[in-house]
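For the record, the sequence lines run as chains A and B.
Heads up, my numbering is the position in the first sequence plus 606, with the first residue counted as 1.
Heads up, my numbering is the position in the second sequence plus 606, with the first residue counted as 1.
2 protein chains.
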Amino acid sequence: MSKVVNIERCFEKFNDTFSPKIVGELNGQYVKVVRLEGDKVPWHLHENEDEMFFVVGGILDILEKDKNITLNAGEFYIVQKGVEHKVVPRGHAKIILFEPAGIEHTGKVKAEITKESFDWLEL
Amino acid sequence: MSKVVNIERCFEKFNDTFSPKIVGELNGQYVKVVRLEGDKVPWHLHENEDEMFFVVGGILDILEKDKNITLNAGEFYIVQKGVEHKVVPRGHAKIILFEPAGIEHTGKVKAEITKESFDWLEL
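Following this line, the structure appears as C-alpha cells:
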C-alpha cells in the first residue's frame with residue numbers, strides 16, 4: 607500500500623553509507639535513498655538502465671569519461687544507459703536514486719561497497 | 607544529452623498552472639514539474655500507470671475514494687495504477703511528477719485543464 611514518504615525523515619532512520627534503501631516503487635522503478643561519503647564507487651556502467659541522481663544534501667560529483675558534473679542540493683542528473691561513470695561526494699551527501707528495480711548496484715563491477723540486493727527502509 | 611537540472615530554477619521559468627513540463631526522461635518515464643492552484647483536477651484514473659507526486663513547495667491534498675492524503679514540501683506519494691484520484695493544492699503548490707512517458711494527463715476524463723501533450727521545459 608502506498609504511504610506518505612517524508613525524505614528528511616527517511617534519512618533520520620539510517621546512517622550507513624553506500625547502502626541504498628528502497629522507499630518507493632512505481633512502474634517497475636525503485637525510489638531509493640542513500641548516504642555517500644568517500645571515494646568508494648568504482649567506475650561502472652548499466653547496460654540497459656538509465657539512473658537518476660537527485661541530491662537532497664551535500665554536493666555530488668558525477669564523473670563520466672568525457673565530462674565531470676557537479677550536483678548541489680536540489681539538483682538532479684540522469685546518467686544514460688551504457689555510459690561509464692562513478693560518483694564521488696564532497697564530504698557527506700544525501701541522494702535520492704531513481705532506477706529500474708532490476709538494476710545491479712555497480713553494474714558488472716564488484717567492489718567493496720557492492721550490494722547484491724536492496725531492502726525497503728522501514729517507515 | 608543529459609544536463610544538470612536545478613528544480614528551483616525550473617520553477618522560475620514558468621508561472622502557468624496545471625501544465626506539466628518535462629525536465630527529464632529515464633527508462634521510459636518522464637520527470638515533470640508543475641504548478642497547481644485551485645480545485646480543477648477531475649476525478650480520474652490511469653489504468654496502467656503508477657504516478658508519483660513529490661511536493662517541493664506548498665501543500666497538496668490527494669483524494670482517493672477511500673482516503674485523503676496530505677503532502678507537505680519534501681514528501682511524496684505514489685498513486686497506484688487503477689486507483690481513482692484527484693489532487694487539490696492548498697493555495698499554490700509546486701510539484702515534481704514521475705510517470706510513464708505515454709500517460710494521459712487526466713486519464714480518460716477530459717476537463718478544462720486537460721493537456722493532450724507535454725513539452726520539454728527549456729533549461
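Heads up, the beta-carbon is just placed ideally off N, CA and C, and yes, glycines get one too.
Collapsed DSSP secondary structure at residue i in the structure displayed
i              : result
residue 614(A) : helix
residue 660(B) : strand
residue 670(B) : strand
residue 635(A) : strand
residue 719(B) : coil
residue 649(A) : coil
residue 643(A) : strand
residue 623(A) : strand
residue 665(A) : strand
Delimiting residues of the beta strand (DSSP E) encompassing residue i
i              : result
residue 676(B) : 673-677
residue 694(A) : 691-706
residue 627(A) : 627-632
residue 684(A) : 681-685
Within chain A, partners of residue i - CB distance below 9 Å
i              : result
residue 636(B) : Simply none; closest approach about 11 Å.
residue 682(B) : 610, 611, 612, 613, 629, 630 and 637
residue 693(B) : Residues of chain A passing the Cβ test: none, with the nearest at roughly 14 Å.
Close Cβ partners of residue i (< 7 Å) along its chain, the five nearest in sequence each way excluded
i              : result
residue 711(B) : 720 and 721
residue 609(B) : 729
residue 687(A) : 652, 653, 654, 655 and 656
residue 674(B) : 667
Under 8 Å by beta carbon: chain A residues contacting residue i
i              : result
residue 674(B) : Per Cβ cutoff of 8 Å: no residues; residue 674(B) is ~11 Å from chain A at best.
residue 706(B) : 633
residue 677(B) : 610
Neighbourhood of residue i by C-beta, 8 Å cutoff - its chain only, sequence neighbours within 5 removed
i              : result
residue 626(B) : 638, 639, 640, 703, 711, 721 and 724
residue 615(B) : 729
residue 727(A) : 616, 619, 620, 627, 628, 629 and 639
Sequence-distant residues of the same chain with beta carbon closer than 6 Å to residue i, five excluded per side
i              : result
residue 645(B) : 694
residue 665(A) : 678 and 696
residue 650(A) : 712, 713 and 715
residue 690(B) : 649, 651 and 671
residue 636(B) : 628 and 707
residue 681(A) : 661
Beta-carbon neighbours of residue i, restricted to chain B and to distances below 7 Å
i              : result
residue 656(A) : 632 and 633
8 Å Cβ cut-off: residues of chain B touching residue i
i              : result
residue 685(A) : 608
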